[in-house]
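Take a look at the structure set out below.
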Amino acid sequence: MNVDATIAAIAAVNARIEAVLHPKRRKVLACFIEQRALSPDSAIATTALSPALHSALNQLRAQGIIKEVADARSYVDTSAHLAHQRRLAEGGRVALITLGPALVALAIAMVAMVVRTR
3 MNVDATIAAI AAVNARIEAV LHPKRRKVLA CFIEQRALSP DSAIATTALS
53 PALHSALNQL RAQGIIKEVA DARSYVDTSA HLAHQRRLAE GGRVALITLG
103 PALVALAIAM VAMVVRTR
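This note's numbering puts the sequence shown at residues 3 to 120.
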């Protein structure tokens, strides 16, 4: 099996899991991106966001992905967002490295069981 392809597949799965588990987070990011709030100069007011999205907004702020400027305006720090995406992909690699040997051992045990039952 191609390790690079497996790593890419795990990263894609991680991205899908995050998309499913964090729809509010995605909505907040989409709002900022749609309004092109990608720099301090183009920051937008967060008062227009639905109150239901404020927990996701606070989480993104805590992670440094959404930055605040004067007058309670905020923007997406694209470099912080990309760094976060890279960390998620790295998590997939760590999972592969951690789970890979366990899966190989499980496969060997299953083959041994099949051979013994014959």
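No residue lacks a Cβ here, since even glycine has one placed at the ideal position from N, Cα and C.
Note that the structure is predicted; figures quoted are calculated from it, not measured.
Original post:
Starting from Thr76 and walking both ways along the alpha helix (DSSP H), at which residues does that stretch end?
Top reply: The residue you call residue 76 lines up with position 74 of the sequence shown. The sequence shown places Ser at residue 76, not Thr. Segment Arg75 to Val78 is the beta strand (DSSP E) holding Ser76; no alpha helix (DSSP H) there.
Original post:
Can you name, in chain order, every residue of its own chain whose Cβ lies under 7 Å from the Cβ of Leu59, other than the five neighbours on each side?
Top reply: Counting from 1 along the sequence shown, the entry for residue 59 is found at position 57. Cβ within range, chain order: Val30, Thr48, Leu51 and Ile68.
Subject >> For Arg120 and Ile110, the rounded distance between their alpha carbons >> reply: Counting from one through the sequence shown, the residue named residue 110 turns up at place 108. Counting from one through the sequence shown, the residue named residue 120 turns up at place 118. Approximately 16 Å, taken between the alpha carbons.
Original post:
So Ile35 is in the alpha helix (DSSP H); what residue range does that whole segment cover?
Top reply: Counted from its first residue, the sequence shown places residue 35 at position 33. Per DSSP, Ile35 belongs to the alpha helix (DSSP H) from Pro25 to Glu36.
**OP:** Closer than 7 Å by C-beta to Ile129: which residues in its own chain qualify, once you throw out the five before and the five after it? Chain order, please.
**Re:** Outside the displayed span of the chain (3 to 120) sits residue 129, for which this structure offers no information.
Subject >> Local Cβ density within 10 Å of Leu108, reported as buried at 16 or more and exposed below that >> reply: The residue given as residue 108 occupies position 106 in the sequence shown. Its Cβ having fewer than 16 others within 10 Å, Leu108 is exposed.
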